[in-house]
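Novice: Heads up: the protein sequence lines correspond to chains A and B, in order.
Numbering that gives the first Met the number 0 numbers the first residue of the first sequence as 0 and each following residue consecutively.
Numbering that gives the first Met the number 0 numbers the first residue of the second sequence as 0 and each following residue consecutively.
We put the beta carbon where it would ideally sit given N, CA and C, even for glycine.
Since the structure is predicted, the reported quantities are computational estimates derived from the model, not experimental observations.
A single structure is presented below for examination.
Number of protein chains: 2
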Amino acid sequence: MAALSRAAAAAADASDPLASYRDRFVHSDARIYLDGNSLGRLPIATRDRLTALTAEWGERLVGGWPEWIDAPTRTGDLIAQVIGAGPGEVLVCDSTTVNLFKLVGAALDARGGGARGGAGGGRGTGGALVTDRGNFPTDRYVLEGIAAQRGLDLRLFDGEPDAATLPCGHGDVVVLSQVGYRSGALADLPALQAAARERGATLIWDLSHAAGVVPVDLREAGAELAVGCTYKYLNAGPGAPAYLYVAAGLHGELRSPIWGWFGQRDQFAMERDYDPEPDIRRYLAGTPPILGLAAVEEGVRLTAQAGIAALRAKSIRLTELLIGLHDAWLAPLGFELASPRVAQRRGSHVSLRHQRAWQITRALIERCDVVPDFRGPDSIRLGVAPLYTRHVDVWDALDRLRDLVERGEHEAVDATPGRVT
Amino acid sequence: MAALSRAAAAAADASDPLASYRDRFVHSDARIYLDGNSLGRLPIATRDRLTALTAEWGERLVGGWPEWIDAPTRTGDLIAQVIGAGPGEVLVCDSTTVNLFKLVGAALDARGGGARGGAGGGRGTGGALVTDRGNFPTDRYVLEGIAAQRGLDLRLFDGEPDAATLPCGHGDVVVLSQVGYRSGALADLPALQAAARERGATLIWDLSHAAGVVPVDLREAGAELAVGCTYKYLNAGPGAPAYLYVAAGLHGELRSPIWGWFGQRDQFAMERDYDPEPDIRRYLAGTPPILGLAAVEEGVRLTAQAGIAALRAKSIRLTELLIGLHDAWLAPLGFELASPRVAQRRGSHVSLRHQRAWQITRALIERCDVVPDFRGPDSIRLGVAPLYTRHVDVWDALDRLRDLVERGEHEAVDATPGRVT
């Protein structure tokens, strides 16, 4: 790691090959924003595209549809570029929750016979739903619901996902996040995928906290299924549509449990029985959200242009600086690093634990113009978004955080946690 | 009906109490738009709101969420005003397809015991899924899929839904559209609801082609469940989020089959098991689409301000004029009215059958600056949107249609139907 000085941080920014990307986002004030892991910034291109697309709706009306209708696959192909998928393997639609529901259902319906019962013998009919207790709530809830409805066991394991100990067997469906929302720990995707395959389990990845900042190579790892959101590092805006990935080899074999008219082959021959598209479009359900899709397209385009290798390299430099400053300034003040210290095991956000995490978070926002986020009971998450976070931002944010806690200013904040997003 | 003359049509516009609403929409050219039943026009307030909200994302970033997070219920309360529901009974979320999937699942899961097994005895455990063969494709597909997954019978009946003959019994789940997408026929909602109740079936309404143009009084009719889209007469834009209605008395009893973090009570206490909100929010799944929700809010606001009674009165005047002109001008040219002739049995679009419907539709758009839509094999749909369609628009559109067919100009169009939306 470079020497700890603000001048060194400024020098790192001056030589940053991605520096110009910062100017492609709206910055309305001097706030230091370290919550791009929750909601990314607004790209200028997105603002302009939304204006143009709204005008297009007004002008073209229903005549716009022939062009709009391909947005879920066109935008999916762009996402494919940043998660190591091929063209036609990614679809932008619905929310992460609904997409996960669809893929878990598809995997279960394909087990042991039926669509999945051809050569190779299917996936068995027994089995449980498996995830880690620390996985993101919606992932757990989706599994909990499906387990209750189908009378399946839900197996929650403790600790970070590990290939050697992944508790799954033949016919199980496992859901794992590549980067943990709380700890920022980066799972070993290829090793876990291989472990699941060896044990005969189907593994579904949640890439929400990973896509856009860590290398994801789904094809290379032989990954079969994945979902993710677009409003974090992909900068598509609050509640923008999510995506799903289904490896091309599974397109004929699996189908969504939600049968809808946009997944229907020859959709506008409306009299027919359901006969899903042969490709990724079979996972569409209702009418695609055109404004949201455009925001995804513009957001992801920036990430694809910058390139994951450069983004990852900068992300590591930024989190290394953050951890270095934590060690030097914050550890003596009662902070504890709650994210992996080894860069190769870490995503792009760093969690710090402190007994007064809630009060410190509020004081940082209200008094220091620094925006982190809080995850109960005692974590402050600091996310760096390599498209727009600078080294001096990390320096200044931690400098203000140190001052704040040294002076005890956070103690004036009501200690009762309020609503947090 | 008023005398058939363009002067009479112009006079009807001059005395139209809703005339000023036309100016609240973007009109980029002189096209006569008769496809608001498929995709409504862009309200000026929506255009401005989307610009402001995009800026708000850029400025407030994650700090916008405390305000945004209530959009699904706040916007739902506005929709409640135009469909006769109470506050807290309508939620804006997901697509119509996904919402229908949720409510069919909720109704089935509640049958005969479990959550629905308290006083009153539940809904029985047998039963089939029931709809009319002519219902909108996505409604049929959702039922077809659920029937396949749960091993239930799917019963498709022919003809328009009729209370006397509605083929359902104890424990069945029935899905009906209040206005048929093809014929424009308006179902007798209160009578059908009473028939379903008497027979012990659960009835789910699809209001997509009804909301905003015909009176819907869900509470008065004792309706339990409904879904609908917002991009037709509610003018919320291409693929805008849909809504669902669950009568307040069922909130504790039913739950969505898709368990997600936005439906969770005390959502940000993330460690807990799934414990859904006690109210309509339990039907939320993933993160709400904030831009789309704002477009719904602005669109519905116009409808609520104009008032359904006035909108319905004007809609009837417009469709009466349309049918009168059809009888006078088009019937002799081989057209046939495929919508109910009695206003009380008709929604706000009129279907005309013609052997050359596809060619006529294309020629109307390309040569006459009139936008209808085509539904295979032989229907031209002409929708009137009382917020912005004028009597002279109907007059001029049918005048051009008559001229076109009299001169045989449509015959130059390739007779092979292409992609239609």
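Under 9 Å, CB to CB, which of the residues in the segment 145 to 163 of chain A have a partner in chain B?
Specialist: Ile145, Ala147 and Gln148
Novice: I'd like the ranges of any alpha helix (DSSP H) spanning at least 4 consecutive residues and lying wholly in the segment 167 to 244 of chain B.
Specialist: The DSSP assignment places 188 to 198 and 217 to 220 as complete runs of the alpha helix (DSSP H) inside the segment 167 to 244 of chain B, in order along the chain (cut-off: 4 residues).
Novice: Residue range of the alpha helix (DSSP H) that B:Gly75 falls in?
Specialist: Ala70 to Ile82
Novice: Flag A:Thr137 as yes if its beta-carbon sits less than 8 Å from any beta-carbon of chain B, otherwise no.
Specialist: yes
Novice: Anything in chain B within Cβ reach of A:Val173, meaning under 8 Å, just list it in chain order.
Specialist: Ordered by position in chain B, no residue passes the 8 Å Cβ test against A:Val173, which lies about 18 Å from the chain.
Novice: Can you pull the chain B residues whose beta carbon is under 8 Å from the beta carbon of A:Ile257, in chain order?
Specialist: Thr96, Val97, Phe100, Val141 and Gly144
Novice: Output yes if chain B places a C-beta closer than 8 Å to the C-beta of A:Ala44; else output no.
Specialist: no
Novice: Taking the alpha carbon of B:Ala109 as the point to measure from, which residue in B:Leu233, B:Thr74, B:Ala6 and B:Leu249 has its own alpha carbon closest?
Specialist: B:Leu249
Novice: Just to confirm, are B:Asp171 and B:Gly126 a CB contact at a threshold of 8 Å?
Specialist: yes
Novice: Verify whether the separation of the beta carbon atoms of A:Ser378 and A:Arg406 is less than 8 Å.
Specialist: no
Novice: Take A:Ser94 as the anchor and find which of B:Trp357, B:Pro287 and B:Arg154 has the nearest alpha-carbon.
Specialist: B:Pro287
Novice: Quick one, which of A:Val215, A:Arg401, A:Tyr180 and A:Ser14 has its alpha-carbon nearest A:Leu188's?
Specialist: Ranked by how close their Cα comes to the Cα of A:Leu188, the residues A:Val215, A:Arg401, A:Tyr180 and A:Ser14 have A:Val215 in first place.
Novice: Grab me the residues of B:Gly120's own chain with a C-beta within less than 6 Å of its C-beta, minus the 5 sequence neighbours each way, in chain order.
Specialist: Note that B:Gly120 has pLDDT 37, beneath the 50 cutoff, so the model's placement of it is unreliable and the number below is only indicative. There are no such residues.
Novice: Who are B:Leu128's beta bridge partners in DSSP?
Specialist: Partner(s): B:Leu153 and B:Val172.
Novice: Among A:Ser37, A:Leu290 and A:Pro256, which residue has its Cα nearest to the Cα of B:Leu52?
Specialist: A:Leu290
Novice: Examine chain A for any beta-carbon lying closer than 8 Å to the beta-carbon of B:Ile379, and answer yes or no.
Specialist: no
Novice: Can you check whether the C-beta of A:Glu58 is within less than 8 Å of a C-beta belonging to chain B?
Specialist: It does: the Cβ of A:Glu58 has a partner Cβ on chain B nearer than 8 Å.
Novice: Compare the C-alpha of B:Gln192 against each of B:Ser182, B:Gln177 and B:Arg181 and name the closest.
Specialist: Just measuring C-alpha positions, the residue of B:Ser182, B:Gln177 and B:Arg181 sitting nearest B:Gln192 is B:Gln177.
Novice: Buried or exposed: where does B:Ser4 fall if 16 or more other Cβ atoms within 10 Å of its Cβ makes it buried?
Specialist: exposed
Novice: Would you say A:Tyr140 and B:Gln263 are within 8 Å of each other, going by their C-beta atoms?
Specialist: Closer than 8 Å, so yes.
Novice: Identify the residues that DSSP records as bridge partners of B:Val103: which are they?
Specialist: Partner(s): none; B:Val103 has no beta bridge.
Novice: In the DSSP assignment, what are the bridge partners of B:Phe24?
Specialist: B:Pro42
Novice: Give the DSSP-derived three-state secondary structure of B:Gln354 in the structure shown.
Specialist: coil
Novice: Taking the Cβ atom as the reference point for each residue, do B:Gly75 and B:Ile279 lie within a distance shorter than 8 Å?
Specialist: yes
Novice: Using 10 angstroms around the beta-carbon of A:Ser19, count the other beta-carbons present and answer buried if the total reaches 16, otherwise exposed.
Specialist: It is exposed - the Cβ of A:Ser19 has fewer than 16 other Cβ atoms within 10 Å.
Novice: I'd like to know if A:Phe334 contacts chain B, where contact means its C-beta is closer than 8 Å to some C-beta of that chain.
Specialist: no
Novice: What did DSSP end up calling B:Phe373 once you bin it into helix, strand or coil?
Specialist: Of the three classes helix, strand and coil, the one that applies to B:Phe373 here is strand, per DSSP.
Novice: If A:Glu223 and A:Ala241 are in contact, beta carbons under 8 Å, what's the gap, nearest whole angstrom?
Specialist: The Cβ separation is near 18 Å, so there is no contact.
Novice: Within a Cβ cutoff of 7 Å, which residues of the same chain sit near A:Ala105, ignoring the five residues on either side of it in sequence?
Specialist: Result list for A:Ala105: Leu253, Arg254, Ser255 and Pro256, in chain order.
Novice: So that I know if they touch, is there some Cβ in chain A lying closer than 8 Å to that of B:Asp413?
Specialist: no
Novice: Between the C-alpha atoms of A:Arg429 and A:Ala225, what's the straight-line distance to the nearest angstrom?
Specialist: Absent from the model: residue 429 of chain A. The displayed extent of chain A is 0 to 420, so no value can be given.
Novice: Short of 6 Å in beta carbon distance, which residues of its chain neighbour A:Ala114, apart from the five on each side in sequence? Order them along the chain.
Specialist: Only weak support is given to the placement of A:Ala114: the predicted model assigns it a pLDDT of 34, under 50, and the value that follows is read from those uncertain coordinates. Only Glu252 meet the Cβ criterion.
Novice: Check distances from the C-beta atoms of the segment 16 to 34 of chain A to those of chain B and list, in chain order, the residues that come in under 7 Å.
Specialist: Val25, Ser27, Tyr32 and Asp34
Novice: Can you grab the Cα-Cα spacing for the pair A:Ser207 / A:Ala239, in whole Å?
Specialist: 12 Å
Novice: Helix, strand or coil for B:Leu386, going by three-state DSSP, please let me know.
Specialist: coil
Novice: Does B:Thr164 pass the burial test, meaning 16 or more other C-beta atoms within 10 Å, or should it be called exposed?
Specialist: exposed
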